[in-house]
């Protein structure tokens, strides 16, 4: 081994480390920020060439991996249980329908993935059922195919987090590629918890998700940073807990708009038991906040407004 060069583990040993590290004894482990950051950052080296490319980027940037390389790496790990993919070009969406992923229990697909066109029709379902899914739904021509999004959400038993991102090729027009083909669900979703994060105030980002929301018959708790009225109008049954979150550069709607939301007579909010409002910076006691507290008290809704790190709000 050359002492002047950085030491690298053999690829076979790296893959074994990934396999062992993928074992997740309980769902609560994902609530710990350190465990999430470890899975996202540390297990990323596939070959020496990708390491060299990464080191050559300004400020330690990361070069996107080729989709076929990622597919080969996944295929080399038996009984994979945890899978976190980001910064990949040309990932085959049919990968997630292969039987080798049957033991998967956690999946995170970030918005830095582009998908290649499928080589054959999509199967009816993925081979796994998972308690937790994180998925970036990107409004872009190479976004996750609607068939894949439906299959993944249909496989979730407890909670899903959707990050809705708009990548604008034009200053005035976002590519809403998810409208074609539309989402078509044959069975209701089993989600109990849903986290939605929109990177824009535009309600256009919500439109492709309306058919999905209309099939959430078991939903109990929603986390959202931009509480559009259309979101709650689309839900078919009441939820019991609503969590709103924001940050210094991206705050939720002001207190007055949340008050109007509660007064809008949505079926989905008719039995609301708790409203949680989290900020990175604790808000001042304004008239809008006082009014919101009064509305919650009159309806018997427990109101919790506190300072919280946005990244630590569930997912």
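In the numbering used here, the protein residues as written are 2 to 316.
All C-beta atoms in this analysis are idealised placements derived from N, C-alpha and C, irrespective of residue type, glycine included.
- Under the three-pair Cβ rule at 8 Å, the stretch 115 to 123 does not count as touching the stretch 72 to 79.
- Beta-bridge pairing by DSSP links residue 277 to 244 and 305.
- The DSSP assignment places complete beta strand (DSSP E) segments of no fewer than 3 residues inside the stretch 92 to 150 at 107 to 110, 114 to 116 and 131 to 140, in order along the chain.
- For residue 125, the closest of 199, 186 and 268 by C-alpha to C-alpha distance is 186.
- Only residues of its own chain outside the window of five on either side were considered, and among them 197 have a CB closer than 6 Å to the CB of residue 225, listed in chain order.
- By the Cβ-count criterion, residue 73 is exposed, with fewer than 16 other Cβ atoms from all chains shown falling within 10 Å of its own Cβ.
- Residue 230: member of the alpha helix (DSSP H) spanning 230 to 235, first to last residue.
- Cβ-Cβ distances below 7 Å link residue 67 to 90 and 91 in the same chain, with the five nearest sequence neighbours on each side left out; the list follows chain order.
- For residue 233 and residue 267, the gap between their C-alpha atoms comes out near 7 Å.
- In the structure shown, residue 160 falls within a strand segment according to DSSP collapsed to helix, strand and coil.
- Across the structure, residue 149 and residue 137 are spaced so that their CA atoms are roughly 12 Å apart.
- Per DSSP, reduced to three states, the secondary structure at residue 81 is coil, with no helix or strand assignment.
- If you draw a 10 Å sphere on the C-beta of residue 244, you find 16 or more other C-beta atoms in it, and that means buried.
- Take the alpha-carbon of residue 94 and the one of residue 294: they are about 46 Å apart.
- With respect to the 9 Å criterion, residue 215 and residue 235 are classified as neighbours on the basis of their beta carbons.
- Scanning its chain for C-beta atoms nearer than 6 Å, with the 5 sequence neighbours on each side dropped, one finds around residue 290 the residues 256, in chain order.
- With respect to residue 132, residue 160 sits close: the two C-beta atoms are nearer than 9 Å.
- In this structure residue 271 is exposed. Its beta-carbon is surrounded by fewer than 16 other beta-carbon atoms within 10 angstroms.
- In the DSSP annotation of this structure, the continuous segment of the alpha helix (DSSP H) that includes residue 294 starts and ends at 288 to 300.
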